[in-house]
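These notes are about the structure you will find just below.
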Amino acid sequence: MTFRFDVSGRRWQAVPSPALSRHHKDWLTRGGALTRHLSALGRVSVRVVAERVMPADADQCRAIGVPLRTPMWARDVILLVDDEPVVVAHSVTPLAYSRSVWQAMRRLRTRPLADLLYHDRTVTRSALVSSPLGPRHLLHGRARHDARDPIVGGCPRVRLWARRSVFLRHGAPLLVTEAFLPRFWRRLQSVQSVHGEHVRD
């Protein structure tokens, strides 16, 4: 099967909005494993929220080039720093590839996806793109109901800044979307005030 990718889609941008702070721009465009970067802020752990089969929506179809409602294997997790939820993430690949090229994704349990992506030279990554997510997005719901972020819960219309990219292994795509919770930006600000500068490893 041949895939035609459009990871940017309609709302996702390769260059973050000029109106964002430099810290927002920094974290939305950092390469490498997000969990490794988060470890500079504290102890990182992964909470698995759901692993299931779901149909691809229109945005995912454009991003990885599959027909609408193609069966996908999806994994939703919350990333925590010192037991505080800071990021909600959603990863999807066509169901057939979750049983072949990306089958290790089904056995991760509470290990981060980075364990698969950054220790395999056959894996390549697209450019990172970013977008604010509104209340209709799946990850916005995860932030409200699973991560229980008080700002998102108290103001359901607040937008979450997120980033995404496509990983390829032997031609098989894996779309990874990561949304930063308001808690993350508060924690980052707190760490910066202690160290006098933004944290970067």
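Those letters in the sequence shown? Residues 1023 to 1223, by the numbering used here. Glycine included, C-beta positions come from ideal geometry on N, C-alpha and C.
Check: Exposed or buried, which one is Val-1075 when buried takes at least 16 other CB atoms within 10 Å?
Finding: Locating residue 1075 in the sequence shown gives position 53, counting from the first residue. Classified as exposed, Val-1075 has fewer than 16 neighbouring CB atoms from the shown chains inside 10 Å of its CB.
Next item on the list: To the nearest angstrom, report how far apart Asp-1223 and Arg-1179 are at their CA atoms.
Entry: Indexing the sequence shown from 1 puts residue 1223 at position 201. Indexing the sequence shown from 1 puts residue 1179 at position 157. Annotation note: pLDDT 41 at Asp-1223 (below 50); position unreliable, coordinate value reported separately. Approximately 33 Å between the Cα atoms of the pair.
Checklist line | Whole beta strand (DSSP E) elements within the stretch 1114-1179, 3-residue minimum | finding: 1145-1147, 1151-1155
Check: Since Leu-1190 sits in a beta bridge, which residues does DSSP pair it with?
Finding: Residue numbering aside, residue 1190 sits at position 168 when the sequence shown is read from its first letter. Note: Leu-1190 sits in a beta bridge opposite Thr-1146, Pro-1195.
Margin query: Buried or exposed, going by whether 16 or more other CB atoms sit within 10 Å of the CB of Pro-1195?
Written below: Against the sequence shown, residue 1195 aligns to sequence position 173. Burial call: buried.
Next item on the list: Could you tell me the distance, in whole angstroms, from the CA atom of Leu-1056 to the CA atom of Ala-1136?
Entry: As a position in the sequence shown, residue 1056 is number 34, starting the count at 1. As a position in the sequence shown, residue 1136 is number 114, starting the count at 1. Rounded to the nearest angstrom, the two C-alpha atoms are 8 Å apart.
Next item on the list: Please determine, among Arg-1147, Gly-1087, Gly-1156, the residue with the shortest C-alpha to C-alpha distance to Thr-1051.
Entry: Reading the sequence shown from its first residue, position 29 is the one you call residue 1051. Among Arg-1147, Gly-1087, Gly-1156, the Cα nearest to that of Thr-1051 belongs to Arg-1147.
Notebook entry, point to check: So, helix, strand or coil for Arg-1185, using DSSP?
Noted result: Sequence index remark: in the sequence shown, residue 1185 carries index 163 (1-based). Here Arg-1185 carries a strand assignment [DSSP, helix/strand/coil].
Notebook entry, point to check: Does the Cβ-Cβ distance between Leu-1197 and Ile-1100 come in under 8 Å?
Noted result: Mapped onto the sequence shown, residue 1197 falls at position 175. Mapped onto the sequence shown, residue 1100 falls at position 78. No, the Cβ-Cβ distance between Leu-1197 and Ile-1100 is not below 8 Å.
Item checked: Range of the contiguous beta strand (DSSP E) that encloses Arg-1097 -> The sequence position of residue 1097 within the sequence shown is 75, counting from 1. From DSSP, the beta strand (DSSP E) with Arg-1097 extends over 1093-1103.
Next item on the list: Check Ser-1067 in the structure and name its three-state DSSP category.
Entry: Against the sequence shown, residue 1067 aligns to sequence position 45. Note: Ser-1067 maps to strand in three-state DSSP.
Check: Roughly how many angstroms lie between the CA atoms of Leu-1060 and Leu-1090, to the nearest whole one?
Finding: Start at 1 with the first residue of the sequence shown, and residue 1060 comes out as number 38. Start at 1 with the first residue of the sequence shown, and residue 1090 comes out as number 68. Their Cα atoms are separated by approximately 34 Å.
Check: In its own chain, which residues sit with a C-beta less than 8 Å from the C-beta of Lys-1047, not counting the 5 before and 5 after it?
Finding: As a position in the sequence shown, residue 1047 is number 25, starting the count at 1. Closer than 8 Å at Cβ, skipping near neighbours: Pro-1038.
Next item on the list: Name the one or two DSSP bridge partners that Pro-1040 has.
Entry: Along the sequence shown, one-based indexing puts residue 1040 at 18. In DSSP, Pro-1040 forms no bridge with anything.
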